[in-house]
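The block underneath contains the structure these notes are about, expressed in structure tokens.
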Amino acid sequence: MAKGFQTLKGFRDFYPEDCAARNYIFNTWRRVAHRYGFVEYEGPVLEPTDLYKKKSGDEIVGQLFCFTDKGDRDVSMRPELTPTLARMAAARQRDFKKPLRWFSIGQFFRYEKHQKGRGREFYQFNCDILGEESAAADAELAALAVDIMRELGFNEEDFRLRISDRQAWTNFATDKGVSDEDLSTFLQIVDKMERTKPEDFAKALAPFSIEPTDIEAFIASGADASENLQLIVNDLTARGMGDYVEVDLSIVRGLAYYTGPVFEIFDIGKGMRAVAGGGRYDQLLGLIGGVDMAACGFAMGDMVITDLVRETEEPGEMMAEVVAESQSVEVYVVVADEEKRPEASRVIQLLRDSDLRVASSMTPTKLGKQFQTAEQMGAYCAVLIGSEYPQVTVKNLVAREENTCDVEEVVDEVTDTIVESEMVSLGILDNPEGVEAEEGKSS
RNA sequence: GUGGCUGUAGCUCAGGGGUAGAGCCCCGGAUUGUGAUUCCGGUUGUCGCGGGUUCAAAUCCCGUCAGCCACCCCA
92 MAKGFQTLKG FRDFYPEDCA ARNYIFNTWR RVAHRYGFVE YEGPVLEPTD LYKKKSGDEI
152 VGQLFCFTDK GDRDVSMRPE LTPTLARMAA ARQRDFKKPL RWFSIGQFFR YEKHQKGRGR
212 EFYQFNCDIL GEESAAADAE LAALAVDIMR ELGFNEEDFR LRISDRQAWT NFATDKGVSD
272 EDLSTFLQIV DKMERTKPED FAKALAPFSI EPTDIEAFIA SGADASENLQ LIVNDLTARG
332 MGDYVEVDLS IVRGLAYYTG PVFEIFDIGK GMRAVAGGGR YDQLLGLIGG VDMAACGFAM
392 GDMVITDLVR ETEEPGEMMA EVVAESQSVE VYVVVADEEK RPEASRVIQL LRDSDLRVAS
452 SMTPTKLGKQ FQTAEQMGAY CAVLIGSEYP QVTVKNLVAR EENTCDVEEV VDEVTDTIVE
512 SEMVSLGILD NPEGVEAEEG KSS
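As structure tokens, then:
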């Protein structure tokens with residue numbers, strides 16, 4: 092007997108609770124992006140494999156979900172959005188006023204071994220500014236990233252935005268006589284510095300006649316190494332975000348296409364994982380779309396940030412509250428007399444027409460059971476429909492008080508009751524019966 | 001691609017040669033117009049899969065698959 096089907100390796104099922112958590116993250120991304128005047132766009136999930144080869148070279152094919160389609164085309168599930176963005180922006184760049192502020196939330200696929208914080212399928216928030224050369228654009232993106240973290244409930248004890256400048260490194264290398272061809276090799280050595288033993292590091296640098304002490308001195312120069320870094324730091328400080336920012340020239344980022352400031356967001360104390368990263372890539376639109384346009388952007392994946400939210404107290408509680416809310420109803424309609432089920436249906440519809448979230452038992456069910464279900468579904472309020480209809484009973488499930496009213500007033504009565512019960516559960520109003528506020532309803 | 005740990009009920013896990021266990025969850029009842037607690041009753045398994053040793057394997061051995069973690073990589 093087959094054991095049934097499982098998800099493919101590295102793919103995830105999203106049960107309602109997981110889906111609610113995912114949507115909480117998505118909504119936060121979208122809300123903050125809108126706050127910064129960014130507009131949302133989306134591209135195809137399937138693209139020609141060549142689009143990715145053009146940017147990253149043939150080696151990435153090993154990391155792609157790629158196949159030949161029925162028209163004999165070599166296609167890939169998208170591993171990233173930037174090439175698509177470059178194509179889209181270049182194709183219609185005359186249609187848009189510069190600079191463009193675009194963001195996207197979508198699913199991506201990479202054929203990799205999956206582990207904590209990394210799967211073969213994930214969602215990513217991409218945020219880019221196109222057509223703006225000033226480092227003020229880099230600062231704007233960095234600020235947006237910081238605000239997402241703050242919106243999720245993180246504070247300056249939880250994360251840092253570490254910023255560096257790829258151009259400063261290029262200048263340094265050129266001064267030291269590193270040739271253009273060797274530049275990316277040199278930058279990779281620097282990028283891996285923290286993970287390399289000192290003697291191996293010195294050995295790797297030897298062909299360039301550069302001493303590790305030169306590198307260390309350069310990294311120690313911090314923001315002095317780059318006017319752009321100073322501009323960004325000053326900008327973020329003016330926004331009151333200075334505590335979140337740290338110049339760290341040891342960040343290079345492996346990517347060959349970065350040309351200017353680069354930044355990463357790291358958690359503090361939970362293993363220092365990269366939560367988000369990005370930078371300036373002024374050459375890429377020319378390479379892919381044939382249009383020269385300055386560009387910078389960053390991305391944040393859903394897996395690491397969701398883990399981090401769950402593992403951090405305040406952000407975890409905030410998310411749990413929204414998740415619980417999204418899985419609850421406000422009103423439960425109790426059918427006390429089966430004869431009145433049609434009338435109950437009418438009341439349910441009235442409440443739903445008023446945009447309330449309403450549930451009810453669909454088949455004959457004992458009264459106690461219905462109240463129990465009401466509570467389990469998180470309802471603030473129950474409406475009891477029985478033989479006395481058109482009189483109905485509206486019960487505040489938190490305070491355990493009830494009133495009767497005519498069915499014509501039921502919407503108003505329910506609305507008032509919900510407000511009262513929310514206040515009781517928040518501790519604003521005294522609980523008339525002295526019943527303990529339930530766990531999960533409080534705070 | 002390399003290495004470590006783990007696979008037993010829907011979930012968390014115990015059992016380490018002698019007929020498969022606990023808690024939680026779920027369902028029903030005590031309770032025919034009111035939620036909690038409690039109590040009673042009930043369902044669920046090729047012990048990941050394949051082979052070997054043995055009178056006898058969930059248990060020991062070999063292999064394999066899957067999951068988790070770390071390395072490599074990380075657009």
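Here the numbering used here is used: the first residue of the first sequence is 92, the next is one more, and so on. Built from N, CA and C at the ideal position, the CB exists for glycine as well. Predicted model only: the values in this text are computed from it and were never measured.
Local Cβ density within 10 Å of residue i, reported as buried at 16 or more and exposed below that
i, result
"M332", "buried"
"R183", "exposed"
"D104", "exposed"
"I461", "With the sequence shown as reference, residue 461 is identified as Gln, and Ile is not the correct amino acid for it. Buried, because 16 or more other Cβ atoms sit within 10 Å of the Cβ of Q461."
"I342", "buried"
"G518", "exposed"
"T119", "buried"
"T61", "The requested residue 61 is not part of the displayed model; the chain covers only 92 to 534."
"Y372", "buried"
"M61", "Outside the modelled stretch of the chain, which goes from 92 to 534, sits residue 61, for which no answer is possible."
"Y115", "buried"
"A295", "buried"
"P481", "exposed"
"Y243", "One point to set straight first is that residue 243 is Leu, not Tyr, in the sequence displayed. The residue is buried, with at least 16 neighbouring Cβ atoms inside 10 Å."
"S167", "buried"
"G360", "exposed"
"Y143", "buried"
"L99", "exposed"
Close-in-space but distant-in-sequence residues of the same chain around residue i (CB under 8 Å, 5 per side omitted)
i, result
"D256", "A316, S317, N319, L320, L340, G351, P352, V353"
"K145", "P174, L378, I379"
"D305", "K267"
Inter-residue spacing [alpha-carbon to alpha-carbon] between residue i and residue j
i, j, result
"L172", "G134", "8 Å"
"L475", "A415", "24 Å"
"E231", "A112", "27 Å"
"Q258", "M394", "31 Å"
"R253", "R121", "23 Å"
"C496", "D398", "47 Å"
"S478", "R491", "21 Å"
"F216", "V400", "16 Å"
"L176", "R192", "12 Å"
"A528", "S516", "For A528, the predicted model reports a pLDDT of 40, less than 50, meaning its position is unreliable; a value from the coordinates is still stated below. Looking at the two C-alpha atoms, the distance is approximately 6 Å."
"L488", "Q154", "54 Å"
"Y132", "K189", "16 Å"
"D186", "A233", "27 Å"
"I310", "K207", "31 Å"
"G407", "A367", "19 Å"
"I220", "A297", "39 Å"
"F277", "Q418", "52 Å"
"G222", "M284", "33 Å"
"G197", "M179", "16 Å"
"S312", "E405", "36 Å"
"E224", "Y349", "14 Å"
"K431", "E499", "16 Å"
"V136", "P170", "9 Å"
"V152", "Y214", "20 Å"
Cβ neighbours of residue i in the same chain (closer than 6 Å, five flanking residues each side left out)
i, result
"R344", "V353"
"I301", "K267"
"D334", "E247"
"S534", "Because S534 sits at a pLDDT of 30, beneath the cut-off of 50, its placement in the model cannot be relied upon, and the following sentence gives the value as read from the coordinates. If we look at S534 and ignore the five residues flanking it on each side, it has no Cβ neighbours."
"V382", "A181, Q184, L376"
"V425", "Q461, A473, L475"
Same chain only: Cβ atoms within 7 Å of residue i, ignoring 5 sequence neighbours per side
i, result
"M514", "L520"
"G525", "Any reading at G525 must be qualified, since the residue scores a pLDDT of 43, below 50, and its modelled position is unreliable; no value is offered."
"C218", "A124, F129, F194, L232, L235, G388, F389"
"G101", "H205, G210, R211, E212"
"E307", "none"
"A293", "P303"
Whole-number beta carbon distance between residue j and residue i, since they are thought to touch under 8 Å
i, j, result
"E421", "I509", "6 Å"
"V483", "C472", "Not really, about 12 Å apart at Cβ, beyond 8 Å."
"D160", "T140", "Contact doesn't hold; Cβ gap of about 11 Å is too wide."
"A264", "C387", "About 21 Å separates the two Cβ atoms, so there is no contact after all."
"A347", "Y423", "58 Å between Cβ atoms; not a contact."
"R251", "E150", "R251 to E150, Cβ: 31 Å. No contact."
"D249", "D358", "7 Å"
"P455", "E429", "5 Å"
"L458", "A427", "6 Å"
"V287", "L274", "Position check: residue 287 holds Thr in this sequence, whereas Val was assumed. 19 Å between Cβ atoms; not a contact."
At 4 residues or longer, what runs of the alpha helix (DSSP H) sit wholly inside the region 123-201? 140-147, 173-182
Which parts of the region 311-369 are runs of the beta strand (DSSP E), unbroken and 3 residues or longer, counting only runs that do not cross its ends? 336-338, 352-358
What residue ranges within the region 248-307 form continuous beta strand (DSSP E) runs of no fewer than 3 residues, ordered along the chain? 250-256
Enumerated in chain order, which unbroken segments of the alpha helix (DSSP H) with a length of 4 residues or greater are wholly contained in the region 382-418? 393-402, 404-417
Whole beta strand (DSSP E) runs in the region 457-485 with 3 or more residues, listed along the chain? 472-476
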